[in-house]
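In this note's numbering, the protein residues as written are 4 to 91. Ideal Cβ placement from N, Cα and C applies to all residues, glycine included. What follows is a set of notes on a single structure, which appears directly below.
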């Protein structure tokens, strides 16, 4: 997955927000709101991890089934692609 912008994640009021930084802020001025696990998925993907590697790392962190984690990863990937923020 390739992100079109570089985002910084910040915790705010029990949630996380991702905001584009640098020149990217001029092109994308919105914010992406995420819960804790969503923020970790977002962070791993932005680091260049594959979807499978992201699922594997999330399995090491959270006590959830692989199917549930894969569903969460797919949801975030699809959101990023649909909003034009990343490409597969």
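Contact check for residue 5 against residue 90 passes: the beta carbons are separated by less than 8 Å. Inclusion of residue 12 and residue 46 in the CB contact set at 8 Å is warranted, their separation being smaller than that value.
Here residue 18 is near residue 37, since their CB atoms are less than 8 Å apart. Separation of the CB atoms of residue 43 and residue 64 is rounded to 7 Å, and the pair is thereby assigned contact status at 8 Å. Taking residue 20 as the centre and dropping the five residues before and after it, the same chain places the C-beta of 13, 34, 36 closer than 6 Å to its C-beta, in chain order.
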